[in-house]
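Peer 1: In the numbering used here, the protein residues as written are 99 to 391.
So that we are looking at the same thing, I have put the structure below in structure tokens.
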Amino acid sequence: MEARPGDGARALLRILRDLPGKVRPEEPLAPHTTFRIGGRALALYRPPTEEALVEAVVRARSHGFPWLLLGGGSKLLVPDRGFPGLVLSTAALRAWREEDGTLTVGAGTPLSRVARWGGWKLAGIPGTVGGAVAMNAGTRYGSIGEQILSVRALLPDGRVRTFTPEECRFTYRDSLFRRLRLPVLAVALRPDRGGDLRTLLAERARTQPLDLPSAGCVFRNPPGQSAGWLIDQSGLKGARVGDAVVSERHANFICNLGRARAQDVLELVEFVQDRVVDRFGVWLSLELEVVEA
Ligand SMILES: Cc1cc2nc3c(=O)[nH]c(=O)nc-3n(C[C@H](O)[C@H](O)[C@H](O)COP(=O)(O)OP(=O)(O)OC[C@H]3O[C@@H](n4cnc5c(N)ncnc54)[C@H](O)[C@@H]3O)c2cc1C
99 MEARPGDGAR
109 ALLRILRDLP
119 GKVRPEEPLA
129 PHTTFRIGGR
139 ALALYRPPTE
149 EALVEAVVRA
159 RSHGFPWLLL
169 GGGSKLLVPD
179 RGFPGLVLST
189 AALRAWREED
199 GTLTVGAGTP
209 LSRVARWGGW
219 KLAGIPGTVG
229 GAVAMNAGTR
239 YGSIGEQILS
249 VRALLPDGRV
259 RTFTPEECRF
269 TYRDSLFRRL
279 RLPVLAVALR
289 PDRGGDLRTL
299 LAERARTQPL
309 DLPSAGCVFR
319 NPPGQSAGWL
329 IDQSGLKGAR
339 VGDAVVSERH
349 ANFICNLGRA
359 RAQDVLELVE
369 FVQDRVVDRF
379 GVWLSLELEV
389 VEA
């Protein structure tokens with residue numbers, strides 16, 4: 099017999115009970131992340147429509163529950179103790195409409211589909227369009243912000259608003275949506291078919307440790323420098339805490355060898371930061387999103 103959900107999970111089930119789709123109480127989050135690390139959410143809800151997502155955020159807010167948007171979970175480190183609130187997965191929001199050469203998609207659309215449609219610079223980046231817009235994901239060839247025509251997102255007061263590219267405030271791996279925690283609902287993009295997607299995929303397969311769970315680059319590149327190079331030159335490839343290890347293939351990746359805990363990753367992060375400061379006097383800040391309640 100399954101254990102009965104605790105009080106917090108039951109309170110969440112109650113406030114969401116008339117919304118469409120299933121709410122899963124005390125859902126383990128590790129399988130929802132590419133790092134395969136982290137404890138349970140109080141509840142996980144996958145709204146089948148944009149309206150249901152908006153309503154769930156509004157209700158979580160008004161009842162004082164922490165909430166977190168989950169795309170592909172490919173940039174997240176979930177703490178071992180889990181997340182004491184509502185995790186909202188955008189996985190079902192996959193509307194797809196092409197018109198006059200532009201593409202409008204729901205936030206949960208896999209980024210790989212958009213890359214194949216006309217976003218070669220984004221080839222091989224895991225996750226969803228919503229997560230990519232929040233993070234202004236990209237490669238050394240360019241970022242998703244350069245292709246955005248408009249973004250529809252939820253404001254803190256519960257209204258939905260459409261943002262122009264300038265209003266999105268895209269900067270290096272950052273946007274207004276990430277800074278203000280505004281849920282991205284849908285995105286309109288123009289194509290960029292100027293390059294070869296397959297060459298980029300092959301380059302990534304050669305240079306990234308794609309055979310082990312990770313969350314991509316852990317540290318932001320300091321202006322004009324490569325975090326991976328600084329870590330490599332500090333002799334840190336292969337450095338390990340528990341089952342968390344600095345990749346031998348790409349020094350800015352931390353991989354999970356199997357049973358890594360979030361605590362292991364955080365200790366390894368600190369170790370790397372200290373060593374790089376000692377060697378180069380440069381403090382590496384995090385690109386990895388460490389989930390906080
Ligand atoms: C092997 C590997 C390679 C990678 N390579 C790259 C790379 O080359 N370039 C790069 O930029 N990144 C890379 N990443 C990191 C990651 O894939 C990107 O940052 C990706 O865009 C995150 O999207 P996601 O849907 O997985 O977001 P998640 O990890 O689910 O979430 C990331 C952040 O965005 C927020 N978020 C998610 N969805 C929404 C939404 N709809 N509205 C508002 N906020 C939202 C979350 O709350 C969280 O703060 C890599 C990761 C891996 C594992």
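In this text, a Cβ means the ideal position worked out from N, Cα and C, and glycines have one as well.
Tell me whether Gln245, by its Cβ, gets closer than 7 Å to a heavy atom of ligand 1.
Peer 2: The answer is no for Gln245.
Peer 1: Kindly indicate which residue of Gly322, Ala128, Gly326 and Ala107 has the alpha-carbon position closest to the one of Val316.
Peer 2: Selected option, being the one with the closest Cα: Gly326.
Peer 1: What number of angstroms, rounded off, separates the C-alpha of Arg277 from the C-alpha of Arg192?
Peer 2: The alpha-carbon atoms of Arg277 and Arg192 are separated by roughly 24 Å.
Peer 1: Could you check if Ser248 belongs to the surroundings of ligand 1, using beta carbon to heavy atom distance under 7 Å?
Peer 2: No, Cβ of Ser248 sits at least 7 Å from all heavy atoms of ligand 1.
Peer 1: Do Arg291 and Gly216 count as a contact pair if the criterion is CB distance below 8 Å?
Peer 2: A contact, by the Cβ cut-off of 8 Å.
Peer 1: Taking 8 Å as the cut-off, does the region 145-159 touch the region 177-196 (at least 3 CB pairs, one atom from each stretch)?
Peer 2: As far as the Cβ criterion goes, the region 177-196 touches the region 145-159, which means the pair count is three or higher.
Peer 1: Quick one, which of Glu264, Ile223, Gly225 and Arg211 has its alpha-carbon nearest Gly243's?
Peer 2: Closest by alpha carbon: Glu264.
Peer 1: How is Ser187 classed by DSSP in three states: helix, strand or coil?
Peer 2: In this structure, Ser187 counts as strand in the three-state DSSP scheme.
Peer 1: Name the DSSP bridge partner or partners of Gly240?
Peer 2: DSSP lists Thr237 as partners of Gly240.
Peer 1: Excluding the 5 residues flanking Leu280 on each side, which residues of the same chain have their C-beta closer than 8 Å to its C-beta?
Peer 2: Excluding positions up to five away in sequence, the list reads Ala251, Leu252, Leu253, Pro254 and Leu274.
Peer 1: Starting from Ile113 and walking both ways along the alpha helix (DSSP H), at which residues does that stretch end?
Peer 2: Where Ile113 is concerned, the enclosing alpha helix (DSSP H) stretches over Asp105 to Ile113.
Peer 1: Alpha carbon to alpha carbon, how far is Trp194 from Pro289?
Peer 2: Trp194 and Pro289: Cα-Cα distance of roughly 14 Å.
Peer 1: Taking the straight line between their C-alpha atoms, what separation do you get for Ser395 and Pro320?
Peer 2: No answer is possible for residue 395: the residues shown for the chain start at 99 and end at 391.
Peer 1: When you compare only the Cα positions, how much space is there between Gly119 and Leu140?
Peer 2: Taking the straight line from one Cα to the other gives about 17 Å.
Peer 1: What does the alpha-carbon distance come out to for the pair Asp362 and Arg338?
Peer 2: Approximately 9 Å between the Cα atoms of the pair.
Peer 1: To test your reading of the DSSP string, which unbroken alpha helix (DSSP H) runs of 4 or more residues are found completely within the region 300-342?
Peer 2: Complete alpha helix (DSSP H) runs here, min 4: 325-331.
Peer 1: For the beta strand (DSSP E) holding Gly204, just list the boundary residues, first then last.
Peer 2: Residues Thr200 to Gly204.
Peer 1: Since Phe275 is in the alpha helix (DSSP H), which residue starts that stretch and which ends it?
Peer 2: Note, Phe275: alpha helix (DSSP H), Leu274 to Leu278.
Peer 1: Using the three-state DSSP reduction, which class does Phe378 fall into: helix, strand or coil?
Peer 2: Note: Phe378 maps to helix in three-state DSSP.
Peer 1: Using a Cβ-Cβ cut-off of 6 Å (strictly less than) and excluding sequence neighbours within five positions of Gly222, which residues of its own chain qualify?
Peer 2: Leu299 and Arg302.
Peer 1: Among the residues of its own chain, which have a CB less than 7 Å from the CB of Asp341, if the five just before and after it don't count?
Peer 2: So the qualifying residues of the chain are Asn354, Leu355, Gly356, Arg357, Ala358 and Asp362.
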